[in-house]
C-alpha cells in the first residue's frame, strides 16, 4: 500500500519569545539561512530604524535598505537596489508594509525572506501574499512564504496597542472565514483543504478563548502563534481562503469606498466577522465574538471607527464585488439595502450598543 504524504510549505524557523531579536544573528547562522552573514535588511524609517542601532553590531555583514512606504513602486525599487548584492537572504524588519515590500523584493530577486515584525497587526507576517498599494488602489501579489519568522515579544509590547488589537481582529476573523468556506462547499461543492481549515480555525479559536489581554506575554505568544499559523494555512491551501471570507470582503469594501477614512485592516475584519456571523444565523456565536472584541478594545459597531450606519450598509452591499468568484454568506444571502439595515438593527440589539 503506498504511503501518501505531502510537504507543507512553512518556515524553517519560528522563534517567538521575549528577547528573540538579540539572537537573530545566531538563528540565521544556526539554521544555515545566512551562513556567510551577507544579508540585505529592509527596514522602515520608524520602528525598524530604531532597532537598527541595537542589532546592527550583531550583523556586521549586512547591508541596510530603508524603505519609504508600502507601494508596488517601493518594492520594485528595493529589489533593484538589492539585486547586485550577492546576499544569502533578505530580512524584513518593521511593520506590515515593510515586510510586504521585502517579501515582494525577495521573491523578485530569488532570495529567501526572514520576517522580523515589530507589531502583530495582521497575519501577513507569514503569509504567501504581499499586499501593496498600486496605481489602481491596492493589490495582492503571490510570493513564497518566509523561510524564517522571528518575533520579539518585548518589541511587540512597545508597539502601539492599536496594532495588537488589529491582529486580534484579524486572527478571530479566521473562524468566520472557514465557516464561509464550508458554506461554499455545501452549496457549490468547493473543495476544502481540511488541514488548512483546521489550522486557521484553531488559530482563531485560541485567540478568541484566551482569557488574557494585550499586556500579557502569554496572550501575545498565543496571538503571534495564531498569526503565523494563519499564514501557513494560506500556504497549504494555495490561496487566502482559510483566513479571508465575508469579513475580509467587508474590510476591502471599506478600503475601496472610503480610502481616506478606512480603519486598520484587523479592526474592520473583526467588525465584519461579528456581523457576518450574525448574518449566518449563529447569533450566540456573534454575541460572544462581539464580547471578546469589545474586551480587547476593538470596534463592533461602525460608529466606533468613524462610519455611519448607512455607510456600513453600503459597504456590506458592495462587499461581494471586491472578491469576484468567492462565495460567502454575503453572496449566499444576496441582501438588498433595506434587508441589510433590518438585520443590522437586530445585530445591534443582540450585542448591546
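Numbering (UniProt numbering), first residue to last: 1 to 353.
Ideal placement from N, C-alpha and C gives every residue a C-beta, glycine not left out.
Given the structure is predicted, the values throughout are model-derived calculations rather than measurements.
Those residues which DSSP pairs with residue i across a bridge
{"i": "residue 15", "result": "150"}
{"i": "residue 338", "result": "None, per the DSSP bridge assignment."}
{"i": "residue 66", "result": "43"}
{"i": "residue 130", "result": "141"}
{"i": "residue 71", "result": "133"}
Of the residues the options, the one placed nearest residue i, counting alpha carbons only
{"i": "residue 349", "options": "311, 284, 298 and 319", "result": "284"}
{"i": "residue 74", "options": "135, 250 and 8", "result": "135"}
{"i": "residue 90", "options": "105, 274 and 76", "result": "105"}
{"i": "residue 270", "options": "158, 290 and 342", "result": "290"}
{"i": "residue 44", "options": "7, 97 and 81", "result": "97"}
{"i": "residue 252", "options": "235, 35, 314 and 345", "result": "314"}
{"i": "residue 298", "options": "339, 168 and 34", "result": "168"}
{"i": "residue 88", "options": "352, 245 and 61", "result": "61"}
{"i": "residue 86", "options": "302, 172, 38 and 281", "result": "38"}
{"i": "residue 156", "options": "312, 21, 340 and 7", "result": "21"}
{"i": "residue 12", "options": "325, 145, 317 and 212", "result": "145"}
{"i": "residue 341", "options": "302, 320 and 324", "result": "302"}
{"i": "residue 295", "options": "277, 351 and 323", "result": "351"}
{"i": "residue 328", "options": "189, 65 and 264", "result": "189"}
{"i": "residue 338", "options": "68, 109, 267 and 317", "result": "317"}
{"i": "residue 202", "options": "186, 214 and 222", "result": "222"}
{"i": "residue 124", "options": "111, 326 and 70", "result": "70"}
{"i": "residue 234", "options": "249, 197, 215 and 220", "result": "197"}
{"i": "residue 63", "options": "36, 72, 46 and 186", "result": "36"}
{"i": "residue 220", "options": "272, 159 and 185", "result": "159"}
{"i": "residue 29", "options": "59, 129, 128 and 204", "result": "59"}
{"i": "residue 272", "options": "211, 347, 326 and 336", "result": "347"}
{"i": "residue 33", "options": "54, 113 and 138", "result": "113"}
{"i": "residue 266", "options": "321, 311 and 204", "result": "204"}
{"i": "residue 84", "options": "281, 109 and 95", "result": "109"}
{"i": "residue 310", "options": "343, 321 and 326", "result": "343"}
{"i": "residue 55", "options": "335, 139 and 152", "result": "152"}
{"i": "residue 288", "options": "210, 95, 336 and 324", "result": "210"}
{"i": "residue 226", "options": "172, 279 and 191", "result": "172"}
{"i": "residue 279", "options": "76, 321 and 332", "result": "332"}
Under 7 Å between C-beta atoms of residue i and residue j
{"i": "residue 93", "j": "residue 48", "result": "yes"}
{"i": "residue 18", "j": "residue 154", "result": "yes"}
{"i": "residue 147", "j": "residue 10", "result": "no"}
{"i": "residue 174", "j": "residue 243", "result": "yes"}
{"i": "residue 193", "j": "residue 122", "result": "no"}
{"i": "residue 262", "j": "residue 254", "result": "yes"}
{"i": "residue 246", "j": "residue 330", "result": "yes"}
{"i": "residue 16", "j": "residue 224", "result": "yes"}
{"i": "residue 149", "j": "residue 300", "result": "no"}
{"i": "residue 101", "j": "residue 228", "result": "no"}
{"i": "residue 78", "j": "residue 65", "result": "yes"}
{"i": "residue 286", "j": "residue 277", "result": "yes"}
{"i": "residue 72", "j": "residue 132", "result": "yes"}
{"i": "residue 200", "j": "residue 240", "result": "no"}
{"i": "residue 249", "j": "residue 206", "result": "no"}
{"i": "residue 208", "j": "residue 292", "result": "yes"}
{"i": "residue 67", "j": "residue 107", "result": "no"}
{"i": "residue 82", "j": "residue 40", "result": "yes"}
C-beta neighbour in chain D for residue i, strict 7 Å
{"i": "residue 80", "result": "No chain D appears in this structure, which consists of one protein chain only."}
Any 3 or more C-beta pairs closer than 8 Å across the region 257-277 and the region 300-316
yes
Can you list the alpha helix (DSSP H) stretches of 4 or more residues lying completely in the region 75-127, in chain order?
96-109
Could you tell me whether the region 179-193 touches the region 117-124, where touching means 3 or more Cβ pairs closer than 8 Å?
no
Looking at C-beta atoms only, is the number of pairs between the region 158-166 and the region 25-36 that lie closer than 8 Å three or more?
no
Going along the chain, which unbroken runs of the alpha helix (DSSP H) with 4 or more residues stay wholly within the region 232-264?
246-257
Unbroken alpha helix (DSSP H) runs of length 4 or more, entirely within the region 157-245: which are they?
161-188, 194-209 and 217-237
Which ranges would you report for the beta strand (DSSP E) in the region 265-292 if only whole runs of at least 3 residues count?
none
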